[in-house]
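Chemist:
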Amino acid sequence: MVSLAAKTILIFSVFLCVIAIADPISMANLGGIRDVEGEAANGLEIEQLGRFAVDQHNKKENALLEFARVIKAREQVVAGTLHHLTVEVIDAGKKKTYEAKVWVKPWLNFKELQEFSHAGDSS
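Those letters in the sequence shown? Residues -22 to -1, 1 to 101, per mature numbering (1 follows the signal peptide of the UniProt record, and there is no 0), in order.
#1: My understanding is that residue 45 touches residue 28, with C-beta atoms under 8 Å, so please give their C-beta distance in whole angstroms.
#2: First and last residue of the beta strand (DSSP E) that includes residue 28?
#3: State buried or exposed for residue -12, treating a residue as buried only when at least 16 other CB atoms are found within 10 Å of its CB.
#4: Would you kindly check if the distance between the Cβ of residue 24 and the Cβ of residue 48 is under 7 Å?
#5: Can you tell me the Cβ-Cβ gap for residue 58 and residue 81, rounded? I've got them flagged as a contact below 8 Å.
#6: Check each candidate in 43, 96, 61 and name the one with the smallest Cα separation from residue 75.
#7: Pick out whichever of 10, 32, 61 has its Cα sitting closest to the Cα of residue 18.
#8: From residue 84 to residue 36, what does the alpha carbon distance come to, in whole angstroms?
#9: Give the DSSP-derived three-state secondary structure of residue 44 in the structure shown.
#10: Output the boundary residues of the beta strand (DSSP E) element that contains residue 78.
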């Protein structure tokens, strides 16, 4: 019969092996910001989030920015997903670039604009 100490050492050793062979890139990015790539980057969900960000900014600031497109999308897993978007808008006929952060918790039907600033701003 194997002793409790031997079982504990065996379980701990297996645990260490699993950690050692885990994908180091995935482990490093856990909770970090990653680029949205492929079809998802050009998908309807990202476009809707970009439109949502511009609409919410317009309501809050009584502005008249017109959504044009999402230039870049990144995301961060938090309590939900924090979408970091670079959006192009039309402001009085001129193209401008803004950075937006939209926090989404789909299981709560929650979506909130966290930040919206001109890409040239240093804030």
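Virtual Cβ for every residue (Gly too), placed ideally from N, Cα, C. Note that this is a predicted model, so its numbers are computed, not measured.
Modeler: On the basis of the supplied data:
#1: If you number the sequence shown from 1, residue 45 lands on position 67. If you number the sequence shown from 1, residue 28 lands on position 50. Indeed they touch by this definition, with Cβ atoms about 6 Å apart.
#2: Position 50 of the sequence shown, counting from 1, holds the residue named residue 28. Where residue 28 is concerned, there is no enclosing beta strand (DSSP E), although the alpha helix (DSSP H) it sits in stretches over 22 to 39.
#3: In the sequence shown, the residue the question calls residue -12 occupies position 11. Around the CB of residue -12, fewer than 16 other CB atoms lie within 10 Å, so the residue is classed as exposed.
#4: Here residue 48 corresponds to residue number 70 of the sequence shown, with the count starting at 1. Here residue 24 corresponds to residue number 46 of the sequence shown, with the count starting at 1. Going by C-beta atoms, residue 48 is nearer than 7 Å to residue 24.
#5: What you label residue 58 is simply residue 80 of the sequence shown in a count that begins at 1. What you label residue 81 is simply residue 103 of the sequence shown in a count that begins at 1. 6 Å between Cβ atoms; contact.
#6: Position 97 of the sequence shown, counted from the first residue, corresponds to residue 75. Looking only at 43, 96, 61, the smallest Cα-Cα distance to residue 75 is reached by 96.
#7: Position 40 of the sequence shown, counting from 1, holds the residue named residue 18. Of 10, 32, 61, the residue nearest in Cα terms is 61.
#8: By 1-based counting over the sequence shown, the position of residue 84 is 106. By 1-based counting over the sequence shown, the position of residue 36 is 58. Going from the Cα of residue 84 to the Cα of residue 36 covers about 23 Å.
#9: Working through the sequence shown from its first residue, we reach residue 44 at position 66. For residue 44, the three-state secondary structure derived from DSSP is strand.
#10: The count along the sequence shown starts at 1 and reaches residue 78 at position 100. Where residue 78 is concerned, the enclosing beta strand (DSSP E) stretches over 72 to 83.
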